[in-house]
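Participant: To start, I am sharing the structure in question, which I have written as structure tokens.
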């Protein structure tokens with residue numbers, strides 16, 4: 001079953017969406033006249049919608065920090081060009097959803113896989129012989 005997403009980008013459009021009883025409202029952070037981005041648009045308009053309305057913050061979202069901060073105002077996000085600009089779409093999605101997490105001191109391949117499965121973007125090895133977590137070049141390969 002399909003529904004309607006009512007897009008707004010200013011107070012006037014928001015009032016119209018409320019008057020129409022919109023259940024899903026997309027707040028476009030991009031000004032389509034000059035293509036500028038203002039994430040404050042979501043922060044300012046979303047609180048004026050009722051709790052029964054699903055809010056989608058659209059455009060201009062590039063980082064995990066932005067998703068976390070805007071999640072106080074929106075139930076979901078439309079992220080397009082920020083992801084499509086990357087050669088590795090899978091890694092780009094992980095960065096936006098999970099952040100740039102790193103797990104250091106990995107000593108086994110299975111631990112690296114577990115860290116990745118849990119959301120780590122980066123894994124670190126210690127090659128210093130005096131460290132209890134040291135791995136040699138053969139183990140690192």
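In the UniProt record's numbering, the protein residues as written are 1 to 141. Backbone N, C-alpha and C define an ideal beta-carbon position, used for all residues, glycine too.
Count the other CB atoms, across all protein chains shown, that sit within 10 Å of the CB of residue 4; report buried if there are 16 or more and exposed otherwise.
Facilitator: Answer is exposed; the Cβ neighbour count stays below 16.
Participant: With 16 as the cutoff for other CB atoms within 10 Å, does residue 11 come out buried or exposed?
Facilitator: So residue 11 ends up on the exposed side.
Participant: Can you give me the start and stop residues for the alpha helix (DSSP H) that residue 18 sits inside?
Facilitator: Counting along the chain, the alpha helix (DSSP H) containing residue 18 begins and ends at 11-19.
Participant: Along the chain, where does the alpha helix (DSSP H) containing residue 44 start, and where does it finish?
Facilitator: It spans 40-45 - the alpha helix (DSSP H) in which residue 44 sits, taken as one unbroken run.
Participant: Take every Cβ of the segment 100-111, pair it with every Cβ of the segment 77-88, and state whether three or more of those distances are shorter than 8 Å.
Facilitator: In short, these stretches do not touch, since the Cβ pair count stays below three.
Participant: Which class does residue 69 belong to by DSSP, given the choice of helix, strand or coil?
Facilitator: Looking at residue 69 - three-state DSSP - the assignment turns out to be helix.
Participant: Can you tell me where the beta strand (DSSP E) holding residue 78 begins and where it ends?
Facilitator: Residue 78 -> beta strand (DSSP E) spans 76-78.
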